[in-house]
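FYI, in mature numbering (1 follows the signal peptide of the UniProt record, and there is no 0) the residues of the sequence shown are -20 to -1, 1 to 284. Think of the CB as a built atom: it goes at the ideal place given N, C-alpha and C, for glycine as much as any other residue.
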Amino acid sequence: MAFLRSIATTAIATIPAALAFSSSSSSSFPRSSQSPNPQNRLGLVKTLATPPSALHMDHKLSSQPDAVLPELLTEFMVDMKCEGCVNAVKNKLNEINGVKNVEVDLSNQVVRILGSTPVKTMTEALEQTGRKARLIGQGVPEDFLISAAVSEFKGPDIFGVVRLAQVNMELARIEANFSGLSPGKHGWSINEFGDLTRGAASTGKMFNPVNEENSKEPLGDLGTLEANEKGEAFYSGVKEKLRVADLIGRSVVVYATEDKSEHGITAAVIARSAGVGENYKKLCTCDGTTIWEATDTDFVTSKV
């Protein structure tokens, strides 16, 4: 079953919905637009154009522990049954640094959070209220046809999740969590292919669009992950000029060494993930199980 799974497979970018940010009632939560502008074939921004100067920018990757992430809308489905549940959830989330606004739709059991807080922090806060919570959507409504993507590492040795969300035309937010790595530093990147027939060896070179070939580093270079003594690595940061719509069907690769001189040790395909307002289902059509009946084994071992 796949409540937290992405809603598309490893194909080339499809055209999801453009959404609007509105009030917290179930009737006012946004619904999909059926007719995206055909001029936006890459599914990027409906009204903005890339400034010419952007083609000469260096690719800046920011992952400082104390850095403030750009604001996004994040949606969770939370097992709430009454107004008391709503108040408990709101009060807990409003205690978190970076949370700007919380809206709750009790009838749909949906909590929508606007802010710069990492997904991991929000998930832990919701769980601390004693309620089950599932991430169901993330992104910036209105501007982007494809605003979120996910890459899931399912073992057998290394597990993890990488989430990518478009913030604006020139900036993507990246959050990741890994377990099972050897302690120390590991390079990681977005590679050009999603072919996993030979693992990381068949994913090609680091992703680098034609108009970025003169840059100091490939656009797909994500820098370094640092695994602790337990083999766990966490990452929250941003990447300039990275466009989520261009990444669907490619792959995220983690390397044995920081300088990426050795082969990739694991890889996972990047798939489109649900945006805000796109994933309110509670019943898995594959086996009839509800979202709250799911066990930990149904999800990737990760809290990001």
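Task: Among 203, 254, 236 and 58, nearest to residue 228 - alpha-carbon criterion - done: Considering only alpha carbons, the answer is 254.
Open item on the list: Whole angstroms are fine: how far does the CA of residue 165 sit from the CA of residue 237?
Closed with: 6 Å
Task: DSSP-derived helix/strand/coil call for residue 236 - done: coil
Open item on the list: Under DSSP, the beta strand (DSSP E) around residue 246 begins and ends at which residues?
Closed with: Counting along the chain, the beta strand (DSSP E) containing residue 246 begins and ends at 244 to 252.
- [ ] Report the residue from 211, 252, 214 and 206 whose alpha carbon sits nearest the alpha carbon of residue 239.
- [x] Nearest C-alpha to residue 239: 206.
Task: DSSP-derived helix/strand/coil call for residue 194 - done: coil
Open item on the list: Could you give the first and the last residue of the continuous alpha helix (DSSP H) run that contains residue 67?
Closed with: It spans 63 to 73 - the alpha helix (DSSP H) in which residue 67 sits, taken as one unbroken run.
- [ ] State whether the region 209 to 224 contacts the region 150 to 166, with contact taken as three or more CB pairs (one from each stretch) at a distance under 8 Å.
- [x] For the pair of segments examined, the region 209 to 224 was found to touch the region 150 to 166: the number of CB pairs separated by less than 8 Å reaches three.
Open item on the list: Rounding to the nearest angstrom, what Cα-Cα distance links residue 204 and residue 212 in this structure?
Closed with: Straight-line Cα distance between these residues: approximately 13 Å.
Task: Reference residue 220, options 190, 150 and 208, closest by Cα - done: 150
- [ ] For residue 100, name the three-state secondary structure that DSSP assigns.
- [x] helix
Task: Beta bridge counterpart(s) of residue 156 as assigned by DSSP - done: 142 and 215
Open item on the list: Using only the alpha-carbon positions, how far apart do residue 49 and residue 101 sit?
Closed with: Straight-line Cα distance between these residues: approximately 13 Å.
TODO: Give the DSSP bridge partners of residue 186, in chain order.
DONE: 171
TODO: Would you mind stating whether residue 167 and residue 235 have Cβ atoms separated by less than 8 Å?
DONE: yes
Open item on the list: Whole angstroms are fine: how far does the CA of residue 52 sit from the CA of residue 147?
Closed with: 7 Å
Task: Nearest candidate by alpha-carbon position, reference residue 93, set 112, 109 and 69 - done: 69
Open item on the list: Going by C-alpha to C-alpha distance, which of 210, 88 and 250 sits closest to residue 225?
Closed with: 250
Open item on the list: Using DSSP's beta-bridge definition, name the partner residues of residue 93.
Closed with: 54 and 82
TODO: May I ask you to list the residues that DSSP assigns as paired with residue 223?
DONE: DSSP output for residue 223 lists no bridge partner at all.
Open item on the list: DSSP three-state label for residue 181, please.
Closed with: Secondary structure of residue 181 (DSSP, three-state): coil.
Task: Spatial neighbours of residue 248 in its chain, beta-carbon cut-off 6 Å, leaving aside the 5 residues before and after - done: Contacts found: 131, 132, 133 and 232.
Open item on the list: Using a 10 Å radius around the Cβ and a threshold of 16 neighbouring Cβ atoms, would you call residue 162 buried or exposed?
Closed with: exposed
Open item on the list: Give me the residue from 126, 136 and 159 with the minimum Cα distance to residue 142.
Closed with: Here the closest residue by C-alpha is 159.
- [ ] Classify residue 171 as buried or exposed, calling it buried when 16 or more other Cβ atoms lie within 10 Å of its own Cβ.
- [x] By the beta-carbon neighbour count (other beta carbons within 10 angstroms, threshold 16), residue 171 is buried.
TODO: Could you pull the start and end residues of the beta strand (DSSP E) that residue 130 belongs to?
DONE: Residues 128 to 134.
Task: Where the beta strand (DSSP E) containing residue 206 begins and where it ends - done: 201 to 207
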